[in-house]
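Numbers in the working numbering are just positions in the sequence shown, counted from 1, shifted up by 138.
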Amino acid sequence: MRTLILSALIAGTALPLMTAAPALAAESASASSAIDAAVAADLRGEDKARDKYRHPKETLEFFQVGPDMVVAEYAADAGWYTKILAPLTATSGKYVALGVSPTAASFNEQRKAQMAAYPTSYPERAAKATGLAADKIHAHVTNAVPAELNGKVDRILILRMLHNMNRWGILGSELDAMHKMLKPGGMIGIEQHRARADAPAAYADGSKGYLKEADVIAMFEKHGFELVGKSEINANPKDTADYPDGVWTLPPNYALKDQDKAKYAAIGESDRMTMLFRKK
Numbered sequence: 139m140r141t142l143i144l145s146a147l148i149a150g151t152a153l154p155l156m157t158a159a160p161a162l163a164a165e166s167a168s169a170s171s172a173i174d175a176a177v178a179a180d181l182r183g184e185d186k187a188r189d190k191y192r193h194p195k196e197t198l199e200f201f202q203v204g205p206d207m208v209v210a211e212y213a214a215d216a217g218w219y220t221k222i223l224a225p226l227t228a229t230s231g232k233y234v235a236l237g238v239s240p241t242a243a244s245f246n247e248q249r250k251a252q253m254a255a256y257p258t259s260y261p262e263r264a265a266k267a268t269g270l271a272a273d274k275i276h277a278h279v280t281n282a283v284p285a286e287l288n289g290k291v292d293r294i295l296i297l298r299m300l301h302n303m304n305r306w307g308i309l310g311s312e313l314d315a316m317h318k319m320l321k322p323g324g325m326i327g328i329e330q331h332r333a334r335a336d337a338p339a340a341y342a343d344g345s346k347g348y349l350k351e352a353d354v355i356a357m358f359e360k361h362g363f364e365l366v367g368k369s370e371i372n373a374n375p376k377d378t379a380d381y382p383d384g385v386w387t388l389p390p391n392y393a394l395k396d397q398d399k400a401k402y403a404a405i406g407e408s409d410r411m412t413m414l415f416r417k418k
């Protein structure tokens, strides 16, 4: 099966739907070792405490990320995954921080200005967080991606951001921009807080942080992607996904502060869908 998947990727033919992690890109032991090293790096410091919830090694292998790829992180904030992805791709690949489009009608003028400044402000900030030179950090916003980058990106990762894209009214347009950026057969990996399948639409519209898996798949298919596989790497059956204050009730946010904190700490971080979509 592993050989079949890799052959299909190379040929650009349809992949079988996988419910377990697909094979790592290029079936490379060195790629797996590079991910191990990036995840274990000292610069991650206290971030490592959350690995038990976010499973970065397994997640990146499921997304078939390799160190020689052009990898874009959507809404990167010089934080958790940036400290893994930027060093991972620094030597033989390319890291792209992909900022949110500042054109969203739901943004006020201050927010629009902050978003528009992202390509110039972000590289230095990410350089300080990762220890890399600023010229290793390539930053763009989705509405102003350089023409030479379109059709050149191997992977785009959207990590716990789909709910914001949906509630800001930009999910479809952002997916269209990403579709243009990806190489033929390029893929988007998503990790997203998962609503119950029977959750009311008003609860699963992103305003509470949760989205329904079926809705996510339908949206990606509408915008030119096909589902390659899904994984339960980041599942958490303890999460009931029905809190009045949404996903932020759980750690690490603890929206209710000390109220029932032990209860929510015992639940842990949210139940998350993890899926991989390929550009058609």
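Yeah, the Cβ is synthetic: ideal placement off N, Cα and C, and Gly gets one too.
| request: Check I173 in the structure and name its three-state DSSP category. | output: The DSSP-derived three-state label of I173 is helix.
| field | Beta-carbon proximity check, D343 vs N391, cutoff 8 angstroms | value | Cβ distance not < 8 angstroms, so D343 and N391 don't count as in contact.
| In angstroms, rounded to a whole number, what distance separates the CA positions of A216 and A272? | Roughly 12 angstroms separates the two Cα atoms.
| Should the stretch 321-328 be regarded as contacting the stretch 288-302, the criterion being three or more beta carbon pairs within less than 8 angstroms? | Yes: at least three Cβ pairs fall under 8 angstroms.
| request: Would you please state the rounded distance, in angstroms, between the beta carbons of K350 and A335? I believe it to be under 8 angstroms. | output: Correct: roughly 6 angstroms between the Cβ atoms.
| Does the stretch 285-297 come close enough to the stretch 255-263 to have 3 or more Cβ pairs within less than 8 angstroms? | Not touching, per the Cβ criterion.
| said: Quick check on P375: buried or exposed, where buried means 16 or more other Cβ atoms within 10 Å of its Cβ? | reply: Here P375 is exposed, its C-beta having fewer than 16 other C-beta atoms within 10 Å.
| field | Inter-residue CB distance, M316 and L365 (contact presumed, cutoff 8 angstroms) | value | The C-beta distance from M316 to L365 rounds to 15 angstroms, too long to meet the 8 angstroms contact threshold.
| said: Let me check one thing: in DSSP terms, what residues is K232 bridge-paired to? | reply: V208, per the DSSP bridge assignment.
| message | Are there any heavy atoms of the ligand FMN lying less than 7 angstroms away from the beta-carbon of D353, as far as the coordinates show? | response | Summarising the ligand content, the structure contains no ligands, and the ligand FMN is consequently not present.
| According to DSSP, is K401 helix, strand or coil? | The answer is helix: DSSP assigns K401 an H, G or I state.
| So, helix, strand or coil for F358, using DSSP? | Helix.
| said: Are the CB atoms of M207 and T220 within a distance shorter than 8 angstroms? | reply: No, the Cβ-Cβ distance between T220 and M207 is not below 8 angstroms.
| request: Spatial neighbours of T387 within its chain, please: CB distance less than 7 angstroms, with the 5 preceding and 5 following residues excluded, ordered by chain position. | output: Excluding sequence neighbours, T387 sits near Y381, A393, L394 and Y402.
| said: According to DSSP, is E329 part of a helix, a strand, or is it coil? | reply: E329 falls in the strand class under three-state DSSP.
| query | Taking just the CA atoms, how far does G231 sit from R293? | reply | Answer to the nearest angstrom: the Cα atoms are 11 angstroms apart.
| Under the three-state reduction of DSSP, which class applies to A285: helix, strand or coil? | Looking at A285 - three-state DSSP - the assignment turns out to be helix.
| message | Counting beta carbon pairs with one atom in the stretch 191-207 and one in the stretch 164-174, are three or more of them shorter than 8 angstroms? | response | In this structure the stretch 164-174 lies against the stretch 191-207, because at least three pairs of beta carbons, one per stretch, are closer than 8 angstroms.
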